[in-house]
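Report on the following structure.
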Ligand code: GLY
């Protein structure tokens, strides 16, 4: 018997300011519509999460694709992962600078490569060889982010100057406040269940503001920013990557569901664990094969949306 499809998306967990709340809600709702079009015509969960994430990569509201945060050198450097719960096949790209939609390259890796992960130039070469056009890095950079980086670096330089008396010269430029839940982190992701009862997940990000070139976050790492296994759950996380990586948080959450817990409980537990164990901040969306969902964050706000045949909702705060 066919399963009723379910789709959940997120567009970042932080203190989303009031003036960009509408853009966030609109962005996740558009992503939801694109993914749902795939699911309602009987398409796969894998196609649905890819299409949903592409919409958010194309939306400058989010830290993914064009409009992402800039690294320390003023470049956009992107990471993405997609994973199929039916087969455990996965495709990931890291530190790519010339792809508008890194999730499309990740999907090509999943579908057409014996490998799971490509980084940098190798990832871009693979993408180009498989029909994905490359772009200039400047095509991904927008004025808002140039100004954000300029302001961040000038404030950090001021702080470093004032700390130089205490012998802490230069630390700030390389160490943004990972434990601050208000810092902007608009990583995007999606989890889906299709009519065949298969689940999938995808996550895409520009990473953190002023990151060191070559820094890879959690988003594209299997089990950290994204995970999918029909025997447990599909999960996508958002938030400061280093703490999430240390806990392999998406897999940790899926394991709780495999042990018999509901996604709603597991998502809440994951956020408590993230805070208590490593003082991490972020959010998570989770979905199992029975269509139960979990949406949780330990930041002031998180952009989320979900849809089933019976219900559709979106918001920026998820009450437990
Ligand atoms: N979660 C996004 C990053 O830290 O790269």
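Numbering (the numbering used here), first residue to last: 2 to 321.
Don't be surprised by glycine CBs; every beta carbon is placed ideally from N, CA and C.
When DSSP assignments are scanned along the stretch 248-309, the uninterrupted stretches of beta strand (DSSP E) that are 3 or more residues long and fall wholly within it turn out to be 283-288, 294-298 and 302-308. Around the C-beta of residue 95, 16 or more other C-beta atoms lie within 10 Å, and the residue is accordingly described as buried.
Sequence-distant partners of residue 120 (beyond 5 residues in either direction) whose C-beta falls short of 6 Å from its own C-beta, in its chain, are 95 and 96.
The Cβ atoms of residue 203 and residue 215 do not sit closer than 9 Å to each other. A direct Cα-to-Cα measurement between residue 142 and residue 196 gives close to 38 Å.
Take the alpha-carbon of residue 54 and the one of residue 229: they are about 16 Å apart. For the stretch 105-149, the continuous beta strand (DSSP E) assignments of 3+ residues that do not extend past its boundaries occur at 118-120, in sequence order.
DSSP places residue 155 within a helical segment (H, G or I) once states are collapsed to three. Residue burial annotation: residue 7 is buried, with at least 16 other C-beta atoms found within 10 angstroms of its C-beta. Burial check for residue 2: the Cβ neighbour count within 10 Å stays below 16, so the residue is exposed. Taking a 10 Å sphere around the C-beta of residue 70, we find 16 or more other C-beta atoms and assign the residue as buried. In this structure, residue 187 keeps its C-beta atom at 9 Å or more from the C-beta atom of residue 30.
With 16 or more other Cβ atoms from the protein chains shown falling within 10 Å of its own Cβ, residue 44 counts as buried. Judged by pairs of C-beta atoms under 8 Å, the stretch 238-249 touches the stretch 6-26, as three or more such pairs exist.
Nearest Cα to residue 102 within the set 122, 133 and 218: 133.
Under the 10 Å beta carbon count, residue 244 is surrounded by 16 or more other beta carbons and is classified as buried. If you compare the alpha carbons of 100, 104, 4 and 302 with that of residue 122, the shortest gap goes to 100. Closest in alpha carbon position to residue 106, among 87, 292 and 135, is 135.
Note on geometry: alpha-carbon atoms of residue 158 and residue 34 lie some 43 Å from one another. Annotation: the continuous beta strand (DSSP E) that includes residue 80 extends over 79-85. In this model, residue 254 and residue 227 are separated by some 10 Å (Cα to Cα).
At least one heavy atom of the ligand GLY sits closer than 8 Å to the Cβ of residue 239.
Nearest neighbour of residue 90 by Cα position, chosen from 231, 306 and 302, turns out to be 231. A check of alpha carbon separations from residue 225 across 66, 294, 83 and 319 identifies 83 as the nearest.
Among the bridge pairs identified by DSSP, residue 225 is matched with none. Beta-bridge pairing by DSSP links residue 205 to 81 and 189.
Straight across, the Cα-Cα distance linking residue 209 with residue 93 is about 18 Å. Going by DSSP, residue 50 is part of the alpha helix (DSSP H) stretching over 46-59.
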